[in-house]
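K.L.:
Residue numbering for the sequence shown follows the UniProt record's numbering, starting at 1 and increasing by one per position.
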Amino acid sequence: MIGFQHPTIPVHHQYVVTATVPEVKALKKELAVIRDLEGSYYLRQERDGLLFGPYEKMEKMELFESDLDRIMEHIEMAMEMVPVLKKADIINVVSGPITYTPDLLPMVGPHQGVRNYWTAIGFGYGVIHAGGIGKFLSDWIRNGEPPYDLIECDPNRYGKWTDVPFMCAKARESYGFNNVVGYPKEERFAGRPTCRTSGVYELLKDKCSMGFHAGWEQPHWFYKPGDDTGYKYGVSLKLRFSCDLNKKPSSLGYLAFSTIFNKCRLVMEKVGVIDLTPFGKFVVKGKDSLKLLDRLFANTMPKVKHEHSLLQKVTQLGDSTVSQIGCFPMYRLSQVAEAAEGGYDVDIRNVTDDIGVLGIAGPNSRKVLQKLTDEDMSDAGFKFLHCKHIQLAGVPVRAIRISYTGELGWELYMDQKNLAAAYQAMMAAGKDEGIDNFGTYAMASLRLEKGFRGWGAELRPQSKCGHFKQERRLYLSIYHMTCGKSLVCEQPADFIGKAALQEVKAKGLKRKLSYLSVRTDDVDPEGNETIWLNGKVGNDKITNGSL
Numbered sequence: 001m002i003g004f005q006h007p008t009i010p011v012h013h014q015y016v017v018t019a020t021v022p023e024v025k026a027l028k029k030e031l032a033v034i035r036d037l038e039g040s041y042y043l044r045q046e047r048d049g050l051l052f053g054p055y056e057k058m059e060k061m062e063l064f065e066s067d068l069d070r071i072m073e074h075i076e077m078a079m080e081m082v083p084v085l086k087k088a089d090i091i092n093v094v095s096g097p098i099t100y101t102p103d104l105l106p107m108v109g110p111h112q113g114v115r116n117y118w119t120a121i122g123f124g125y126g127v128i129h130a131g132g133i134g135k136f137l138s139d140w141i142r143n144g145e146p147p148y149d150l151i152e153c154d155p156n157r158y159g160k161w162t163d164v165p166f167m168c169a170k171a172r173e174s175y176g177f178n179n180v181v182g183y184p185k186e187e188r189f190a191g192r193p194t195c196r197t198s199g200v201y202e203l204l205k206d207k208c209s210m211g212f213h214a215g216w217e218q219p220h221w222f223y224k225p226g227d228d229t230g231y232k233y234g235v236s237l238k239l240r241f242s243c244d245l246n247k248k249p250s251s252l253g254y255l256a257f258s259t260i261f262n263k264c265r266l267v268m269e270k271v272g273v274i275d276l277t278p279f280g281k282f283v284v285k286g287k288d289s290l291k292l293l294d295r296l297f298a299n300t301m302p303k304v305k306h307e308h309s310l311l312q313k314v315t316q317l318g319d320s321t322v323s324q325i326g327c328f329p330m331y332r333l334s335q336v337a338e339a340a341e342g343g344y345d346v347d348i349r350n351v352t353d354d355i356g357v358l359g360i361a362g363p364n365s366r367k368v369l370q371k372l373t374d375e376d377m378s379d380a381g382f383k384f385l386h387c388k389h390i391q392l393a394g395v396p397v398r399a400i401r402i403s404y405t406g407e408l409g410w411e412l413y414m415d416q417k418n419l420a421a422a423y424q425a426m427m428a429a430g431k432d433e434g435i436d437n438f439g440t441y442a443m444a445s446l447r448l449e450k451g452f453r454g455w456g457a458e459l460r461p462q463s464k465c466g467h468f469k470q471e472r473r474l475y476l477s478i479y480h481m482t483c484g485k486s487l488v489c490e491q492p493a494d495f496i497g498k499a500a501l502q503e504v505k506a507k508g509l510k511r512k513l514s515y516l517s518v519r520t521d522d523v524d525p526e527g528n529e530t531i532w533l534n535g536k537v538g539n540d541k542i543t544n545g546s547l
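#1: Helix, strand or coil: which one does DSSP assign to PHE257?
#2: Which residue or residues does DSSP assign as beta-bridge partners of VAL537?
#3: Going straight from the alpha carbon of CYS387 to that of ILE402, what length do you get?
#4: Under 8 angstroms by Cβ, that's how I've got ARG157 and GLU173 pegged, so tell me the actual separation to the nearest angstrom.
#5: Between the stretch 37-51 and the stretch 11-24, do three or more beta carbon pairs fall short of 8 angstroms?
#6: Quick check: the Cα distance between ILE9 and TYR55, rounded to an integer number of angstroms?
#7: With DSSP collapsed to three states, give me the class of ASP288.
#8: Do you know whose CA, among ASP415, TRP140, TYR117, GLY272, lies nearest GLY356's CA?
#9: Looking at C-alpha atoms only, which residue of GLU76, PRO7, VAL93 is the closest neighbour of VAL16?
#10: What three-state label does DSSP hand ILE274 in the structure shown?
#11: By the three-class DSSP mapping on this structure, what secondary structure does LEU31 have?
#12: Kindly list the residues whose CB is nearer than 7 angstroms to the CB of ARG366, restricted to its own chain and excluding five residues on each side of it in sequence; keep chain order.
#13: Is GLN424 closer than 9 angstroms to LEU203 when the C-beta atoms are compared?
#14: Where LEU392 and GLY362 are concerned, what is the direct C-alpha to C-alpha distance, given to the nearest angstrom?
#15: Is the separation between the beta-carbon of GLY434 and that of LEU266 shorter than 9 angstroms?
#16: Smallest Cα separation from GLY527: which of PRO106, ASN544, CYS264?
#17: Spell out a yes or no on whether the stretch 129-145 and the stretch 112-120 are touching, meaning 3 or more CB-CB pairs, one atom from each, closer than 8 angstroms.
#18: Let's see if you can read the secondary structure: which residues bound the beta strand (DSSP E) around LYS388?
#19: Would you say the stretch 274-281 touches the stretch 196-216, given that touching needs at least three Cβ pairs under 8 angstroms?
#20: Where does ASP161 sit, in a helix, a strand or coil, going by DSSP?
#21: Going by the CB atoms, is the gap between TYR441 and ALA190 shorter than 9 angstroms?
#22: Note down, in chain order, each residue of its chain lying with its Cβ closer than 6 angstroms to the Cβ of VAL84, except the 5 sequence neighbours on either side.
#23: Looking only at its own chain, which residues have a Cβ that is under 6 angstroms from the Cβ of LYS263, when we skip the five neighbours before and after it?
#24: Pop quiz: LYS449 and GLY381 are said to be a contact at Cβ under 8 angstroms. What is the actual Cβ separation, rounded to whole angstroms?
#25: Spell out the partners DSSP gives TYR413 in its beta bridges.
#26: From the DSSP secondary-structure annotation, give me the bridge partner or partners of ASN92.
#27: Thinking LEU372 and TRP410 are a contact (beta carbons under 8 angstroms), I'd like their distance in whole angstroms, please.
#28: Decide if PRO282 is buried, meaning its Cβ has at least 16 other Cβ atoms within 10 Å, or exposed.
#29: To the nearest angstrom, how far is the alpha carbon of ALA500 from that of PHE297?
#30: Quick check: the Cα distance between GLY132 and VAL108, rounded to an integer number of angstroms?
#31: Name the residue from LYS170, GLU145, LYS29 whose alpha carbon lies nearest to the alpha carbon of ASP103.
#32: Under 8 angstroms by Cβ, that's how I've got LYS224 and THR259 pegged, so tell me the actual separation to the nearest angstrom.
#33: Going by DSSP, what residue range makes up the beta strand (DSSP E) through ARG44?
#34: Specify, as a first and last residue, the run of the alpha helix (DSSP H) that THR440 falls within.
#35: Under 8 angstroms by Cβ, that's how I've got THR101 and PRO7 pegged, so tell me the actual separation to the nearest angstrom.
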């Protein structure tokens with residue numbers, strides 16, 4: 001009706017209903033639902049009988065092909081768990097479609113592209129979610145912003161790259177892994193890579209462990225010569241965080257910790273290059289472009305700044321870098337589009353797939369770039385948070401002097417087709433300076449050490465800006481990143497969330513973001529871990545952690 005093809009796949013699911021089981025009928029209260037993760041099935045009471053539903057392994061699951069033999073191994077495991085099932089008569093086998101998204105999570109919220117089009121689809125477990133999702137959406141529609149954070153269910157997390165082969169591969173994988181324990185930093189490979197690969201993917205794919213980010217493949221960490229590069233399904237998930245030194249370490253255990261440590265030293269002492277292409281990149285043009293961005297962000301334009309977009313209740317909506325001449329990574333384009341419809345003369349273009357991004361960081365990064373350009377890259381010639389068009393080894397580049405590592409560095413934006421040439425030129429020019437690759441895990445460690453906040457960790461929609469003491473001001477009241485200042489109110493524009501932020505300013509800051517050192521052999525804090533102090537549970541949780 002509206003021309004959208006949502007990335008949902010109907011998956012054939014079977015469940016079995018038994019006749020009356022005397023032992024069940026004799027019970028005085030209803031059985032609890034049994035979920036056997038190892039056997040990959042659920043079992044519950046159905047009147048005086050039992051209902052049993054399995055999730056087959058990925059290689060056995062087919063779309064719309066009924067076959068009871070396919071689930072026999074699960075039935076046998078259920079019989080071992082619940083012996084009365086062995087003598088129960090089957091009176092019905094129900095086969096039908098359930099809808100899956102590629103990552104098993106539903107699609108909930110407003111959809112980009114059509115004004116006032118809202119979705120609540122892809123619920124693989126059916127109506128059980130109806131009450132909560134209905135309340136969530138109704139609050140959002142009435143109040144103009146979500147009542148709490150369900151960013152993982154954002155329907156706009158998929159795009160044109162989500163084609164039918166990808167959806168089918170992911171549906172089989174997700175269905176087969178439905179009851180498999182997920183581990184931190186685990187990667188699942190079905191349907192990958194998609195059509196979204198950066199200009200340096202072919203140069204890097206055999207040197208690193210790739211992570212999946214909105215369809216993109218991005219290096220997480222790099223192997224050392226001689227490392228086992230087989231991080232596949234066959235690698236034991238349980239060994240991944242084993243502390244038994246006699247066992248072969250998994251790719252995400254000691255192996256990764258060692259190389260991540262070395263890559264952090266590389267960036268701090270020499271120079272490293274990272275592929276940052278998965279950034280979302282949008283161009284906002286027109287006579288009202290600055291006016292629009294002043295409305296959206298809590299900092300004034302046009303100087304390059306690390307920006308925060310807020311909701312009316314002063315919770316974080318996005319974390320962006322904005323330059324006057326063009327591209328900026330941003331969480332939710334729909335917010336820009338919605339604001340633009342309020343009478344702003346602007347043109348908004350998504351250039352995410354067209355523009356590649358390389359980051360270069362470290363004390364020797366200036367030397368490497370200066371070999372490849374006639375532009376003055378000195379501290380006086382190219383100041384922090386400034387942006388310039390330069391020629392880098394003959395490649396037109398938009399360079400921004402900023403680095404998420406906390407070290408001297410630049411982000412280099414260029415046409416995707418030129419990315420490999422620029423990368424190879426930098427690697428050749430930096431040979432004497434000790435240049436090498438580094439990945440997002442090393443960058444995460446460096447940004448935490450520097451004190452940079454991360455979107456999705458310290459900065460989230462449920463995080464109220466003024467409730468944390470932070471270290472570089474937004475022009476109204478919150479601190480962010482580097483230089484501590486007192487609370488001020490310098491942003492003249494009536495940006496979204498300003499009134500609520502002024503109220504927080506008047507009442508004073510209530511919370512402080514602190515750093516903790518945790519002794520561990522090979523496990524990073526992932527976020528949301530409970531903090532224990534002197535044997536007692538604290539009031540807050542960890543936001544993020546790294547080596």
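Note that CB positions come from ideal geometry on N, CA and C, so glycine has one too.
P.N.:
The short version:
#1: PHE257 sits in a helix when the DSSP states are folded into three classes.
#2: Its beta-bridge partners are TRP532.
#3: Roughly 9 angstroms between the two C-alpha positions.
#4: In fact, because the Cβ distance is near 17 angstroms, the residues do not count as touching under 8 angstroms.
#5: In short, these stretches touch, since the Cβ pair count reaches three.
#6: Approximately 16 angstroms between the Cα atoms of the pair.
#7: Per DSSP, reduced to three states, the secondary structure at ASP288 is coil, with no helix or strand assignment.
#8: Among ASP415, TRP140, TYR117, GLY272, the Cα nearest to that of GLY356 belongs to ASP415.
#9: Selection GLU76, PRO7, VAL93 evaluated against VAL16 yields VAL93 as nearest (Cα-Cα).
#10: Looking at ILE274 - three-state DSSP - the assignment turns out to be strand.
#11: Looking at LEU31 - three-state DSSP - the assignment turns out to be coil, as it is neither helix nor strand.
#12: Excluding sequence positions up to five before and after ARG366, its CB lies within less than 7 angstroms of the CB of MET377, LEU408, all in the same chain and listed in chain order.
#13: Yes; because the gap between Cβ atoms is below 9 angstroms, this pair is in contact.
#14: For LEU392 and GLY362, the distance between alpha carbons rounds to 18 angstroms.
#15: A distance below 9 angstroms separates the beta carbons of GLY434 and LEU266.
#16: Selection PRO106, ASN544, CYS264 evaluated against GLY527 yields ASN544 as nearest (Cα-Cα).
#17: Below 8 angstroms, enough C-beta pairs join the stretch 129-145 and the stretch 112-120 to call them touching: three or more.
#18: Here the beta strand (DSSP E) through LYS388 covers 387-392.
#19: In short, these stretches touch, since the Cβ pair count reaches three.
#20: The amino acid occupying residue 161 in the given sequence is Trp; Asp does not appear at that position. Reduced to three states, the DSSP call for TRP161 is coil.
#21: Inclusion of ALA190 and TYR441 in the CB contact set at 9 angstroms is not warranted, their separation being larger than that value.
#22: Within the same chain, Cβ atoms closer than 6 angstroms to the Cβ of VAL84 are found at VAL21, GLU23, the five residues on either side in sequence being excluded.
#23: Answer for LYS263: PHE438, ALA442, listed in chain order.
#24: With the sequence shown as reference, residue 449 is identified as Glu, and Lys is not the correct amino acid for it. Not a contact, Cβ separation roughly 28 angstroms.
#25: VAL357, ARG398.
#26: DSSP lists VAL17 as partners of ASN92.
#27: The Cβ separation is near 12 angstroms, so there is no contact.
#28: Per the sequence presented here, residue 282 reads as Phe, with Pro not at that position. Under the 10 Å beta carbon count, PHE282 is surrounded by 16 or more other beta carbons and is classified as buried.
#29: The straight-line gap from Cα to Cα measures roughly 14 angstroms.
#30: C-alpha separation (whole angstroms): 11 angstroms.
#31: When only C-alpha atoms are compared, the closest one is LYS170.
#32: Your pair LYS224 and THR259 checks out as a contact, with CB atoms roughly 6 angstroms apart and the cut at 8 angstroms.
#33: Segment 41-46, the beta strand (DSSP E) holding ARG44.
#34: Judged by DSSP secondary structure, THR440 falls within the alpha helix (DSSP H) whose first and last residues are 440-450.
#35: That pair is a contact at about 6 angstroms.
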